[in-house]
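Down below is the structure, laid out as structure tokens.
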């Protein structure tokens, strides 16, 4: 904490303001709970909760608007360690952490723990290897550091390009999460929800830059931690009688494992599996003769539409049949993609436990829907370790996280803020495995075995938001729900958890507000990182260095708006799920920034050409591997070869950085040794950064 009187006064004001905010939030939740008890409609509760939080963020953004460069880029370098830790935690706990992590653990069980280990472990590297040194450097952006350490504009330009790539991919995932939440809890369409949510993102970052984003993120940290812990504790109490789920997790896991054995032995589950296998065989046969399959499908669909039209069938059935005809593929390529997708889906679902695998089984084979390119325990173990590697190094190299350590008053507080960040994210990461297990317990206990004419209302609501995220169909026509007939996407497990557990709807609205806070906080940080890099490192440093600081800030705001609209457009295309997009960003960050930053701090011999070559090699290897193994990217680049022929050691595309990082290190070291030593100014910078004496620039 600051020792000067002004710093102490500033800290006391912050303490008082955020304590009152936390108490007010709890009171507001209790008030909405009372209104729900009195009969307030669900949609109105959800809309009120989301609108109230967005208005709060807007108020903070308006209060903190600025055109001063230091305030806009680094919040005046006066954010205390505790509050920088909270802001960093909110910046970090993105839609992937809040929405996707528990969903991945629900689907993958033990294998999903790779995300918990990788994301948490990365902060140890941040504290030890990067945060204090970047704070001692004391500029505005990561490309700033690369330009100063390696000399010349080329390292800065490559760093700028990598910053935009990593942050944009990550940003698309956050805006996708925003659209999903707003569509479910306000009634807007998904695409409209994206652009409505975009207003909440822009109102903070556009007006006040890092200053507004920081103090908004502190408030968002309070919201998302409360929003995550309350339903977990409530579900735990409902299932076990203990509100601390970590204490009774072993007992719940034993119950879930026993229920898994019963489900696997159920003959009706085997019927469902056999039906999916038959469907997979039909899809495989269609792929062998696509033109004939297209003709057969069209004839069958047109015949059904004609029969329904000529009979006294309900109008809705006739219209559905006609829509089915209109949706048939019109080209062989389109049909081939459709049949291949059906084959992949049916094969994944033609597995026990709906393809999820046993929750407690380590390194179990994952369903094809989760992207497992290999088979057998060896491939699963390799993927687990490769993903931990990529997420750990990627965490330590994300530009929007590292730039937060420029905002503290001193190097010492930069280190302390990492510890505070770990404290806050551990509250979520220690609860995510419990939430996933509790939701699975509720699905097994309350949904499996239910009659289809008694399905809970939340199934129909979520199916309308996005049918790909929730599919429940009576496959074997026995009128009873089997687990194999329930397919829940990872991206809705957390958002639907209160409804699955039968909790009051105000808790669902609270979770939605928490998910929105997580997505908005990270989106704000990412948008700011991209626009600041373009305005500061490209416009000011390389194009118009004579421009004033106010002009640079104005350019940053315009670029921020352009980037936000571009990311919203890409997110509306639904090119991949949240977790893949985020993991791809981590692989790119690890392969590009981690070697350049670590060697730049700890190896004086690293030079300009080594940095540029290493970063480009890491990005090229990572990007090529993703382009040849990820389904959407394969289609985009026209890769026709089987995935098994393109993958290396059965590694999934989300862990592509496991190849890019070694390539970057090897190329950077080799090129640095083969080219002249860096200038004396570079050596002096390294010595200053590694000097253990206190330094408060």
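Numbering (the numbering used here), first residue to last: 4 to 700.
Note that the Cβ used here is the ideal one computed from N, Cα and C, for glycine as well.
Remember, it's a predicted structure, so these values are computed and weren't measured experimentally.
Asked	Found
Within the region 547-618, note down every full alpha helix (DSSP H) run reaching 4 residues or more, in order along the chain.	552-575, 581-605
When burial is assigned at 16 or more other CB atoms within 10 Å of the CB, is residue 379 buried or exposed?	Residue placement at residue 379 is poorly supported in this model, since its pLDDT is 46, which falls under 50; the coordinates are not used for a value here.
Under the three-state reduction of DSSP, which class applies to residue 167: helix, strand or coil?	helix
Residue 476 to residue 272, Cα distance in whole Å?	13 Å
Check each candidate in 402, 318, 222 and name the one with the smallest Cα separation from residue 519.	222
Just to confirm the assignment: which complete alpha helix (DSSP H) runs, minimum length 4, are found wholly within the region 128-172?	134-140, 145-153
Do residue 660 and residue 599 have their C-beta atoms closer together than 8 Å?	no
Does the region 348-358 come close enough to the region 311-322 that 3 or more CB-CB pairs lie under 8 Å?	no
Which class does residue 475 belong to by DSSP, given the choice of helix, strand or coil?	strand
For residue 249, does the count of other Cβ atoms within 10 angstroms reach 16, so buried, or fall short, so exposed?	exposed
Give a yes or no on contact between the region 380-398 and the region 108-120, applying the rule of three or more CB pairs nearer than 8 Å.	yes
Going by DSSP in three states, residue 539 sits in which element: helix, strand or coil?	helix
Which first and last residues belong to the alpha helix (DSSP H) in which residue 444 is found?	435-445
The alpha helix (DSSP H) spanning residue 266 covers which residue range?	248-268
Buried or exposed for residue 257, going by 16 or more other Cβ atoms inside 10 Å?	exposed
8 Å is my cut-off, CB to CB: does residue 441 come that close to chain D?	In summary, chain D is missing from the structure at hand, where a single protein chain is found.
Which term fits residue 370, buried or exposed, when burial requires 16 or more other beta carbons within 10 angstroms of its beta carbon?	Only weak support exists for where residue 370 lies, its pLDDT of 42 falling under 50; the coordinates are left without a value.
Please report the distance separating the alpha-carbon of residue 1 from that of residue 302.	Outside the shown range of the chain, which is 4 to 700, sits residue 1, and nothing can be said about it.
Could you tell me the alpha carbon to alpha carbon distance between residue 513 and residue 693, rounded to whole angstroms?	45 Å
Tell me whether the region 227-245 and the region 486-496 touch, counting them as touching only if at least three CB pairs, one residue from each stretch, are closer than 8 Å.	no
Relative to the alpha-carbon of residue 656, which residue among 602, 588, 73, 601 has its alpha-carbon at the smallest distance?	588
Could you check the C-alpha separation between residue 511 and residue 501 for me, to the nearest Å?	5 Å
Whole-angstrom Cβ separation of residue 42 and residue 364, contact assumed at under 8 Å?	Not confirmed; about 46 Å, so no contact.
Who are the near neighbours of residue 186 in its chain, counting only those whose CB is closer than 6 Å to its CB and skipping five residues on each side?	193, 196, 468
Express the C-alpha separation of residue 584 and residue 172 in angstroms, rounding to a whole number.	6 Å
Any contact between the region 163-171 and the region 524-536? By contact I mean 3 or more CB pairs, one from each, below 8 Å.	yes
For residue 508 and residue 51, what's the separation of their Cα atoms in angstroms?	12 Å
Pairs of beta-carbons, one from the region 136-153 and one from the region 266-284, closer than 8 Å: are there three or more?	no
From the DSSP output, in three-state form, read off residue 362 for me.	coil
Residue 491 lies in the beta strand (DSSP E); which residues open and close that run?	489-491
Cα separation between residue 377 and residue 446?	In this prediction, residue 377 scores a pLDDT of 41, lower than 50, which makes its location untrustworthy; the coordinate-derived value is nonetheless stated afterwards. For residue 377 and residue 446, the distance between alpha carbons rounds to 29 Å.
Hey, how far is the Cα of residue 38 from the Cα of residue 573?	38 Å
Using DSSP bridges, identify the partner residues of residue 483.	454
With respect to the alpha helix (DSSP H) encompassing residue 651, which residues constitute its N-terminal and C-terminal limits?	Per DSSP, residue 651 belongs to no alpha helix (DSSP H) and is neither H nor E.
Using only CA atoms, which one of 305, 349, 340, 317 lies nearest to residue 328?	305
So residue 94 packs on residue 407, CB below 8 Å; how close in whole Å?	6 Å
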